[in-house]
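> Residue numbers (the numbering used here), protein chains in the order written: chain A, 55 to 414; chain B, 2 to 41.
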Amino acid sequence: MASTSIAVPQAPSLRPATALLRLIPGVLLLGAIGYLGKFIEQSINTYAKAHHLTIPNIEYVLWAILIGLVVSNTIGVPRVFQPGVATYEFWLKAGIVFLGVRFILGDVLKLGGLSLGLVGIELTIAILVMTLLGRVFKLSPKLTSLLAVGSSICGVSAIIATQGAIEADDEDASLAIAAILALGGLSLVVFPLIGHWLHLSDRAYGLWAGLAVDNTAEATAAGALYSDAAAKIAVLAKTTRNALIGFVVLAYAIYWASKGQASEIKNKAGFLWKKFPKFVLGFLLLSLLATFHTFEKGQITTIANLSRWAFLLTFAGVGLRTNIRELGKQGWRPFVVGAVGEVAIAAVTLVVVATADRFI
Amino acid sequence: MAQEQVEKKRFKLSLDSWAVWLALSLALLVRLGVVAKIPW
Numbered sequence: 055m056a057s058t059s060i061a062v063p064q065a066p067s068l069r070p071a072t073a074l075l076r077l078i079p080g081v082l083l084l085g086a087i088g089y090l091g092k093f094i095e096q097s098i099n100t101y102a103k104a105h106h107l108t109i110p111n112i113e114y115v116l117w118a119i120l121i122g123l124v125v126s127n128t129i130g131v132p133r134v135f136q137p138g139v140a141t142y143e144f145w146l147k148a149g150i151v152f153l154g155v156r157f158i159l160g161d162v163l164k165l166g167g168l169s170l171g172l173v174g175i176e177l178t179i180a181i182l183v184m185t186l187l188g189r190v191f192k193l194s195p196k197l198t199s200l201l202a203v204g205s206s207i208c209g210v211s212a213i214i215a216t217q218g219a220i221e222a223d224d225e226d227a228s229l230a231i232a233a234i235l236a237l238g239g240l241s242l243v244v245f246p247l248i249g250h251w252l253h254l255s256d257r258a259y260g261l262w263a264g265l266a267v268d269n270t271a272e273a274t275a276a277g278a279l280y281s282d283a284a285a286k287i288a289v290l291a292k293t294t295r296n297a298l299i300g301f302v303v304l305a306y307a308i309y310w311a312s313k314g315q316a317s318e319i320k321n322k323a324g325f326l327w328k329k330f331p332k333f334v335l336g337f338l339l340l341s342l343l344a345t346f347h348t349f350e351k352g353q354i355t356t357i358a359n360l361s362r363w364a365f366l367l368t369f370a371g372v373g374l375r376t377n378i379r380e381l382g383k384q385g386w387r388p389f390v391v392g393a394v395g396e397v398a399i400a401a402v403t404l405v406v407v408a409t410a411d412r413f414i
Numbered sequence: 002m003a004q005e006q007v008e009k010k011r012f013k014l015s016l017d018s019w020a021v022w023l024a025l026s027l028a029l030l031v032r033l034g035v036v037a038k039i040p041w
C-alpha cells in the first residue's frame with residue numbers, strides 16, 4: 055500500500071547548493087536502510103553457513119523494503135529526511151543506465167524485440183480491461199484513462215505525462231497514482247510467491263515482472279526478489295514498456311482533443327521526444343559501449359556494482375514512501391478497478407510469457 | 002493537496018535527465034581509471 059506523501063525540495067525557491075545540502079540527510083537514510091538490509095542478508099547467510107543450516111535466502115531487497123515500511127508506518131519519515139528520500143527514483147534511473155553495461159546490444163535487441171511483442175499484447179489487454187472496468191464502476195472517463203495508462207505503460211511517470219496531455223484533474227491523477235503505487239506494493243509480495251510456486255525460469259519471471267508490474271521501481275524490486283538474472287530481464291522488459299510512453303500518451307491526447315476536452319498537439323514528433331524517458335538512451339549507450347569492448351572486465355564489474363548500490367537506495371525508498379494509513383484517505387473505487395484490472399493483466403501476461411518462454 | 006502531490010511528482014521526474022548524466026559521467030570516470038574498483 056502506498057501514497058505519495060513525501061515532500062521533495064521546492065527547487066525554484068532555493069539556491070542549488072542549499073537544495074543539494076537538504077538532500078544529504080535523506081540520501082544517507084536511504085543508504086543506511088539499504089545497507090542494513092544487505093547486512094542482515096549477509097549475517098543470516100553467514101550464520102546459516104557456520105551452523106550448517108538450510109535457510110531460504112531472503113534478499114537484501116526485501117529487508118530494505120521492510121525496514122523502510124516499518125519506519126514509514128511507525129515513527130514516520132521526519133521532515134529533514136524527506137527531500138533526500140524523494141530522490142529514490144533518481145537513483146533508480148541512474149541504476150538502470152549503469153545496468154546497460156551488463157547487456158550486449160545483441161541481447162538487448164533480441165530480448166527487447168521479444169519484450170516489444172509482448173508489450174504490444176500487454177498494452178492492448180491493459181487498456182481494454184481498465185476502460186471496461188472504469189465504465190462498470192462509473193469512474194470519471196479521465197480517471198479511467200489515467201488508470202489505463204498507468205497500468206499499461208509505466209505507472210506514475212505515465213500518469214503524470216498523460217495528466218498534462220489530456221488536462222485531467224489533479225485529484226484524478228492523485229487517485230490514479232495512489233492506486234498504481236498501492237498495487238505495485240502488493241505485487242512485491244505476490245509476484246515472487248507465484249513465480250516460485252510455478253517454478254518459472256529467470257527469463258520467464260523477469261519478463262512477467264517487467265510486463266505486469268506497473269511502476270519501474272517495483273518492477274525492478276520484484277525482479278530482484280526472485281534472482282539477479284530475473285532483475286536484469288525485468289528491467290529490460292520494463293524499459294521497453296517505458297520507451298512506448300510517448301506513443302500511448304499521444305494517442306490519449308489525440309482522443310481527448312477530438313472530444314474537445316484537451317488541447318490539440320501540433321508538433322507530434324516534439325511531443326514524443328519530450329515524453330521519451332531519456333534514461334532508456336543512457337541504458338542503450340552503455341550497452342553499446344560494452345558491446346564494443348570499451349570497458350575492461352573489471353570496469354564492467356565496477357559499473358554493475360554501481361548499479362547495485364543505486365538500486366539499494368531505490369529499494370529503501372520504496373519502503374519509506376509507502377504509507378498504509380494514507381490509503382484509507384483515498385476513495386475505494388479506483389483501487390478496486392486497479393486491483394481487478396491488475397489481476398486480469400497479470401494473469402493474461404503470465405500465460406503469454408510462459409508460452410513465449412517455452413517456444414522462443 | 003492533490004495538486005501539491007502531482008507537482009512533487011512532476012519535479013521528481015524532471016530530475017531524470019540528471020540521473021542519466023550522473024551515471025554516464027561515473028561510467029566515464031571508471032573507464033578513465035579515476036574511479037577504481039567498487040565492491041558490492
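Quick reminder that beta carbons are idealized off the backbone N, C-alpha and C, glycines included.
Because the structure is a prediction, the values reported are computed rather than measured.
At a cut-off of 7 Å, is K147(A) close to the ligand FMN when judged by its beta-carbon and the heavy atoms of the ligand?
Absent from the structure shown: the ligand FMN. Ligands present: none.
> Flag this pair as yes or no: are the beta carbons of A20(B) and V151(A) separated by less than 8 Å?
yes
> So within the segment 319-397 of chain A, which uninterrupted alpha helix (DSSP H) runs reach at least 4 residues, ignoring any that extend past its ends?
322-329, 333-345, 351-374, 378-381
> Quick one: what's got a C-beta closer than 8 Å to V125(A)'s C-beta in the same chain, skipping five residues either side?
In the same chain as V125(A), and ignoring 5 residues on each side of it, the C-beta atoms closer than 8 Å to its own belong to I87, V131, G373, L374, in chain order.
> Checking 8 Å against the spacing of the C-beta atoms, do F389(A) and A236(A) come in under that value?
yes
> Of all Cβ atoms in chain E, is any one closer than 8 Å to the Cβ of G336(A)?
As a matter of chain content, chain E is missing from the structure shown, whose protein chains are A and B.
> Please list the partners that S26(B) has in chain A, where partner means a Cβ-to-Cβ separation under 9 Å.
Taking a Cβ-Cβ threshold of 9 Å, none of the residues of chain A is close to S26(B); the smallest such distance is about 10 Å.
> Alpha carbon to alpha carbon, how far is D17(B) from S341(A)?
19 Å
> Quick one: grab the DSSP three-state call for D268(A).
coil
> Among the candidates N377(A), L186(A), L343(A), whose CA atom is the shortest distance from the CA of I129(A)?
For the residues N377(A), L186(A), L343(A), the minimum Cα distance to I129(A) belongs to N377(A).
> Looking at the structure shown, is A276(A) part of a helix, part of a strand, or coil, going by DSSP?
In this structure, A276(A) counts as helix in the three-state DSSP scheme.
> Tell me whether the beta-carbon of V391(A) lies closer than 8 Å to the beta-carbon of L187(A).
yes
> What are the residues in the segment 340-353 of chain A lying within 7 Å of chain B by C-beta distance?
L340, T348, F349, G352, Q353
> Kindly indicate if chain A contains any beta-carbon less than 8 Å away from that of V35(B).
no
> Tell me, please, whether the CB atom of T270(A) is closer than 8 Å to any CB atom in chain B?
Answer no: the Cβ-Cβ gap between T270(A) and chain B never drops below 8 Å.
> Just the C-alpha distance for A73(A) and S205(A), rounded to the nearest angstrom, thanks.
33 Å
> Cutting at 7 Å between CB atoms, please list the residues of its own chain near S241(A), excluding the five before and the five after it.
V267, E272, A276
> Using 8 Å as the limit for Cβ to Cβ distance, is K147(A) near chain B?
Yes, because at least one Cβ of chain B sits closer than 8 Å to the Cβ of K147(A).
> Quick check: what's the CA-CA separation for V155(A) versus T355(A)?
9 Å
> Could I get the ranges of all uninterrupted alpha helix (DSSP H) runs contained in the segment 106-176 of chain A, with 4 residues as the minimum, in chain order?
114-127, 136-139, 142-153
> Along chain B, in chain order, which residues have C-beta atoms closer than 7 Å to that of R362(A)?
W41
> Pick helix, strand or coil for W41(B), following the three-state DSSP scheme.
Reduced to three states, the DSSP call for W41(B) is coil.
> I need the straight-line Cα distance from A410(A) to G336(A), nearest angstrom please.
28 Å
> What's the C-alpha gap between A358(A) and A278(A)?
14 Å
> How about P246(A): is its C-beta nearer than 8 Å to some C-beta of chain B?
no
> Can you pull the chain B residues whose beta carbon is under 8 Å from the beta carbon of V155(A), in chain order?
A28
> Quick check on DSSP: helix, strand or coil for A65(A)?
For A65(A), the pLDDT reaches just 47, beneath the cut-off of 50, and the residue's location in the model is therefore unreliable, leaving the point undetermined.
> With 8 Å as the threshold, decide whether the Cβ of V151(A) is near any Cβ in chain B.
Closer than 8 Å to some Cβ of chain B, the Cβ of V151(A) qualifies, so yes.
> Out of L83(A), G85(A), V115(A), L82(A), which one is the CA nearest neighbour of Q96(A)?
V115(A)
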